Each structure stands twice: as C-alpha cells, then as structure tokens.
Amino acid sequence: MSSRIHITAVLVLSGVMLCLPLLLNNDYYLSVLIIIGLNTILALGLNLLMGYAGQISLGHAAFFGLGAYTSGILTTSYGVHPIAALVIALGVVGIVALVVGVPSLRLKGYFLAMATLGFGIIVNILFKEMSFITQGPSGFRGIPELSAFGFVFDTDLKYYYLVWASTIVILMLSANIINSRIGRALRAIHTSEAAAGSLGVNIQSYKLAIFILSALYASLAGSLYAHFIGFISPSSFGFHFSIVLVTMVVVGGMASIWGAIFGASVLTLLPEFLMALEDYEIVVYGLILMLIMIFLPEGLTRGVIERIKGRRVG
Amino acid sequence: MTIFDKLLQFFIGGITNGSIYAMVALGFTIVYHTTEIINFAQGEFVMLGALLMVSFSLIPGMPLACAFVLAVLGVTVVGILVNLLVIRPVRNPNHISLIIITIGASIFIRGIAMQSWAWGKGEYASTPFSGETPILIGNAAMTPQAIWIIGITLTILMLLHFFFENTITGKGMRACAVNPRAASLMGIKVSRMVVITFALSGMLGAVAGIIITPTTTASYKMGVMLGLKGFCAAIIGGLGSIPGAIIGGFVLGVLESMGAGLISSAYKDAIAFVALLVVLFVRPSGILGIGDIKRV
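Just so you know, the sequences run in chain order D and B. Here the numbering used here is used: position 234 in the first sequence is 229, and no number is missing along the way. Just add 265 to wherever you are in the second sequence, counting from 1, and you've got the numbering used here.
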C-alpha cells in the first residue's frame, strides 16, 4: 500500500521535473534546479545515515569534495574520460569511507560527530594545501563538460535532465533500501543498538554499509557538480557546507526521503530569496536550525508524509 | 639560533596558545561535566569576549581592567541566555538534536556579530596589557602578553579548583555531574546549577578571547577554529575531566607549535584534528578520561 503511494509520488515528481523546464526555461532557473537536484542526492545520503541509522556526520562535504576533485583532476590533468573518472571517484570515495568509517562508527554521539568533523576539516585542508594537484586555495579550473557515449551535456537543459534523472534513480534506490530488510535493521539500530544486536542484526556492518553508501551518493553529486560548474574550490567543501547538509536533513525531516527533496530545495532557494537581506542568510540559517530542532524535531515534512502513508511506519 | 633555542621558542609559543585552548576546553568541559551537553557555541563566547573588549576599550577614559570586567560580564549574560532560550526549551534532548541546536546557536551568534553596526566584518587589534618589549629566556623571546596569558590561565585554574572543591555551589555542580536525579532529591536545584555552568563557560570563553586578542586580531569569525580546537583539546585530555582539559590544551598547543615549526606551517590547523582522530580511534576516553565506567 505504501509502495503504491511511493510509485505514484515518484511518477508525479518525474512528470513535474520533466515539464518544469517548459515553464522556467532560462539558464538561471535551470542552474538553480540543477543545484537543488545535486543537493537532494547529498541530503538523501545523509538522511539514510542520520535519519534512519541515527549516525551523525559533520564531515559529509568532504566526500562531496573528494568526488568533485577526483573527477576534476582526472579529466582535466590526466585526460581521463568523464564517465571513467566518475567511476574511479566512486571507488576512491568508497575506499576512503571504508577506512574512515571502520574506526569512526565504533564511536557514538558526540565522539562520532567530532571524528567526522575532524575528518572533514583535514580533507578540506588537504584540498587547500596540496596545490601541486588541486591548484590550491584559489580553486581548480577548466573542468570539461560531461560526455557519455559521444553525447556531450553541453547545455544547462541537457544537464538538468541528466541530474534529475540521477536524482530520481537515487530516490527510488533509497526508498527500496529503507522499505527492505536493511531499512528495518537500520531503524532497529537507531532505536536501540543493544536490542538490534541481540536480535542478530550485525550492527557494525550495517552502519558501515550505510555510511559508505551515503558517501557514494555524495561522490556522485560531487562529480556531477564539478562537470556542471567547471570550477571547484576548497571553500565549497568545508565545515560550513557540511552544516548546511545537516540542516537540509533536519528541515526536511530525519528519516524522510521525501523530506530530503524539500530540505534541499528550501536551503538552496533560501539564499536566493534572502538576496535582499544579503548577509542575514547566516543568521536565518542559525534560527532555522534552532527553531526546528526545538519545536519540530521531526522536521517540516515528516508529520504530513506519515499521515499520507497511513501511519504504517512506526 | 641553535636547535635547542628553536625548540624552546616553539615550546613557549605552544604553551601560550595551549593556555587559550585549555581555557576554551574548560568551557566545554564544565558544561559537559554537569549536563552532558556539548555546547558548540563555546567558540562564539571567545569571539564575543574579544570583540566586546575591543569595543569597551575604545570608550574614552575606560581603564583596561574595567573593559575586561565588562566584556566578561557581557558574555556571561550571553551564556545564560543560550541556556535559558536555546537549551532549556528542547523537548527531546538527544545527542544529535543538541549538537544541531548548539551549532544553530553558534551560527546565529556569529551572524549577529557580523551584522552588528559596531563590528561588521572588520578585524580589530587590541593593545597588549603591558607593552611589547619581549623578555629573553635563554635565546628565546617571550612577549609580556604571553606571560599574561599563562598567568591568567593558571590563576583561573586555581580559582576553579577552589570553586569546585570548597564552595557549596561547586560541590552541587559536581553532584549533578554524578547523578542529577539524586542531586535534586538532595535539594540541589539542578536547573540553577545548569545556568551557573553556562555562565561559567561564558566567562571562561570571554577571558580566553580577551587575552588572546592582543597577539592576533579579533573578528566575527575567530570563534569557529578556536572553538573546534578547544573541543579537540577537551577530547584529547578526556572529555568531562577538568585536569584533562588543561593537559589537552597544553598538549595540543605544543604539538601544533612543534609541528608548524619543524614540519610545515601549511598543515598547522590539520595537526589538531589529526591528533583528535588518533585519540578518538585509539583511546576515546582521552589521556585522563576514565572511560564510561561512571556513566551508565
């Protein structure tokens, strides 16, 4: 029953995203929509980790950055085909997530938060200081457009469809994961690790698997971002962006994959709407984080979604 | 300069910075000790202390000591407000939501400081407390401000020790740390103790910001790194342990200073976080931590 609603929702979303460029066919709107799509992929990954498995990451921007830099450097400095570079980036990020995840995920609460935060900051410093490959703090330029099988994504419209097709695939993948055995195991871990463990759930490997998966989402988003913008710099992948990602998950609602789209949209559009207020953006970010966590800890969407789904999920 | 002189110089620099990290770490530790909350806005207390000091000392005829006291009081009030307005209303206080809420508070405070008419995005210098003629120790130089920093840190440590060991309030706070429910059954007002810990953490942050400003500059964004490194120091020493916070601060300061001097200054900021990860992965309870034995 809930899966049928999911399919309907995915169809509706696909339809809307297919038609949206007809209404908003100018480059500015398209680029904002592309960024929303990429942020949705990032928020979906972090939501699986935070919302479902209950593990916080304050360094998720690092995986996004690693994907972007691997794709950028391989295609630009070494002439690797973009698709091959994207796949290599996934491999690199997967291995890094494994290496960082094994010791980190043994930690809980504040300690896990600090470990991921420390990892994120170290990676960001490496982007800045390893200028012999990353071109340093001023950024890495001249990343070519993405192409696949002779088809070049050379307009914003083509790229828009690519990004949103990827987003919808990732969304369906995530929905399948959380409605499967794995999803139930993750929720059990979130509720009580001890209880989950005594029921035979292999806690460490589930947590590690979801951590790596969320890092892979981030890597994919990073590669797509690098080819879209054509220029990447360390400041896009710092502590601040990790916090913005956490905010997207919180605003959208933890443990709500549809909330991820909503959270990503709100936090991508917010700075655009706040243009008039310019620097008040940061004050508003702080307020939103505090108010939602204090008064609506379930996030803005979760309550509504839960009701639509007939409160099947406990 | 011989290698010995260089090492001595790095050591002096490390101890000076380490004092600041220790003070910030103490702010984290005192709040965590009593409430098991990590207040990610601790770094912003440092920033507010520094900027308030700069502003107050610009008032004509204001003695340095008065500006110092006013700045500390100002941040103490902010610490209390953070507790009353941000922490107390939380209905579902779990680790993730408390992390996010205090990060929200820190972003908010930073944003307000950046937008305020007095400070904006400027960088402000403040005058050292007593001149700039360095004192020579062997062949290594030490600024008078470094002596102030180390001296004030040690004084505060002794006051804190006295407070926790010899006053009713201090003992009450220690009781809350061990078991809040039992403490409240014994007639200790837990919520009042929590307010006092936030006030204390505000004071500590403010002092750290005030004494460090003459050696660097003060700006709205100075709190982020200082806060994070203070937290690294707290974890390195053993989260929740007061002597641990101090040792963690000094260890971190010296490591950074030696690393920057002997290896590369480009990776100076990374050293703190590498040390943090090593400690977390090898011995999460820190140098002095007694692990989870006490808390169930």
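Where is the CB? At the ideal position from N, CA and C, for every residue including glycine. Here the structure is a predicted model, which is why all the values come from computation and not from measurement.
is_contact[residue i, chain B] using C-beta, thresh 8 Å
i, result
"GLU140(D)", "no"
"ALA38(D)", "no"
"GLU124(D)", "yes"
"VAL246(D)", "no"
"ILE289(D)", "yes"
"VAL308(D)", "Only weak support exists for where VAL308(D) lies, its pLDDT of 47 falling under 50; the value from the coordinates is given anyway. Chain B contact via Cβ: absent."
"ILE117(D)", "yes"
"TYR105(D)", "yes"
"MET45(D)", "yes"
"MET243(D)", "no"
Candidates the options, of which the one nearest residue i by Cα
i, options, result
"GLY495(B)", "ILE412(B), GLY403(B) and PHE293(B)", "PHE293(B)"
"GLY113(D)", "ALA535(B), ALA411(B) and VAL340(B)", "ALA535(B)"
"GLY283(B)", "ILE433(B), LYS436(B), MET438(B) and GLY416(B)", "GLY416(B)"
"ALA370(B)", "ASP270(B), ALA442(B), ALA406(B) and ASN304(B)", "ASN304(B)"
"LEU424(B)", "PHE269(B), MET288(B) and ILE361(B)", "MET288(B)"
"GLY134(D)", "ILE227(D), VAL261(D) and GLU140(D)", "ILE227(D)"
"GLY385(B)", "TYR275(D), SER175(D) and ILE283(D)", "TYR275(D)"
"HIS222(D)", "MET288(D), LYS153(D), VAL239(D) and ILE283(D)", "LYS153(D)"
"VAL88(D)", "TYR212(D), ILE184(D) and LEU157(D)", "TYR212(D)"
"PHE146(D)", "HIS76(D), ASP22(D) and ALA191(D)", "HIS76(D)"
"VAL539(B)", "VAL118(D), LEU141(D), GLY96(D) and LEU28(D)", "VAL118(D)"
"VAL27(D)", "ASP151(D), ILE36(D), ALA38(D) and ALA143(D)", "ASP151(D)"
"MET458(B)", "GLY435(B), GLY470(B), ARG446(B) and GLY474(B)", "GLY435(B)"
"ILE402(B)", "LEU541(B), ILE277(B), LEU553(B) and ILE552(B)", "ILE277(B)"
"LEU520(B)", "GLY505(B), PRO508(B) and LEU541(B)", "LEU541(B)"
"ALA442(B)", "MET451(B), PHE463(B) and GLY505(B)", "GLY505(B)"
Residue interval of the beta strand (DSSP E) (run including residue i)
i, result
"MET125(D)", "Looking at the DSSP string, MET125(D) is not in any beta strand (DSSP E), and its letter there is neither H nor E."
"ALA405(B)", "405 to 407"
"LEU504(B)", "Note, LEU504(B): premise wrong, no beta strand (DSSP E); not H, not E."
"ILE227(D)", "Taken as a continuous stretch (DSSP letters only), ILE227(D) belongs to no beta strand (DSSP E), as it is neither H nor E."
"ILE256(D)", "From DSSP, ILE256(D) is part of no beta strand (DSSP E) but of the alpha helix (DSSP H) over 252 to 268."
"ILE345(B)", "That residue, ILE345(B), is in no beta strand (DSSP E); its alpha helix (DSSP H) goes 329 to 346."
Residue-chain proximity (residue i, chain D), Cβ-Cβ < 8 Å
i, result
"ALA370(B)", "yes"
"GLN380(B)", "yes"
"ARG548(B)", "no"
"TYR532(B)", "yes"
"LEU335(B)", "no"
"PHE496(B)", "yes"
"ALA535(B)", "yes"
"PHE373(B)", "yes"
"ILE377(B)", "yes"
Residue i versus residue j - alpha carbon distance
i, j, result
"LEU43(D)", "LEU203(D)", "12 Å"
"THR481(B)", "GLY137(D)", "37 Å"
"LEU313(B)", "VAL543(B)", "31 Å"
"ALA390(B)", "ALA80(D)", "47 Å"
"MET(-4)(D)", "PRO354(B)", "Residue confidence for MET(-4)(D) is low, a pLDDT of 40 falling below 50, so the modelled location carries little weight and cannot support an answer."
"GLY376(B)", "ILE277(D)", "5 Å"
"LEU291(D)", "ALA48(D)", "20 Å"
"LEU363(B)", "PRO139(D)", "42 Å"
"VAL347(B)", "GLU188(D)", "32 Å"
"GLY32(D)", "TYR155(D)", "8 Å"
"ALA612(B)", "LYS123(D)", "The displayed coordinates of chain B run from 266 to 561. Any statement about residue 612(B) would go beyond what the structure contains."
"MET438(B)", "ALA255(D)", "41 Å"
"HIS235(D)", "LYS533(B)", "20 Å"
"GLN274(B)", "CYS497(B)", "23 Å"
"THR3(D)", "LEU13(D)", "15 Å"
"PHE127(D)", "LEU69(D)", "14 Å"
"TRP413(B)", "ASN431(B)", "26 Å"
"ILE285(B)", "GLU301(B)", "22 Å"
"TYR105(D)", "HIS360(B)", "7 Å"
"SER231(D)", "SER66(D)", "15 Å"
"GLY281(D)", "SER322(B)", "29 Å"
Terminal residues of the alpha helix (DSSP H) in which residue i lies
i, result
"LEU282(D)", "275 to 290"
"ILE165(D)", "151 to 173"
"ILE30(D)", "22 to 42"
"ILE461(B)", "455 to 477"
"ILE280(B)", "268 to 300"
"ILE365(D)", "In the structure as shown, chain D starts at -4 and stops at 309, and residue 365(D) therefore has no counterpart that could be examined."
"ILE552(B)", "No alpha helix (DSSP H) holds ILE552(B); DSSP gives it neither H nor E."
"ILE400(B)", "ILE400(B) -> not in any alpha helix (DSSP H); beta strand (DSSP E) instead, spanning 400 to 402."
"ARG176(D)", "176 to 186"
"GLN380(B)", "360 to 380"
"MET312(B)", "307 to 323"
"ILE68(D)", "55 to 72"
Closer than 7 Å: residue i CB and nearest the ligand NAP heavy atom
i, result
"SER522(B)", "This structure does not include the ligand NAP; it has no bound ligands of any sort."
| Contact list for the region 338 to 363 of chain B against chain D, Cβ threshold 8 Å | For the region 338 to 363 of chain B, the set of positions with a beta-carbon nearer than 8 Å to some beta-carbon of chain D reads VAL351, PRO354, VAL355, ARG356, ASN357, HIS360, ILE361 and SER362 in chain order.
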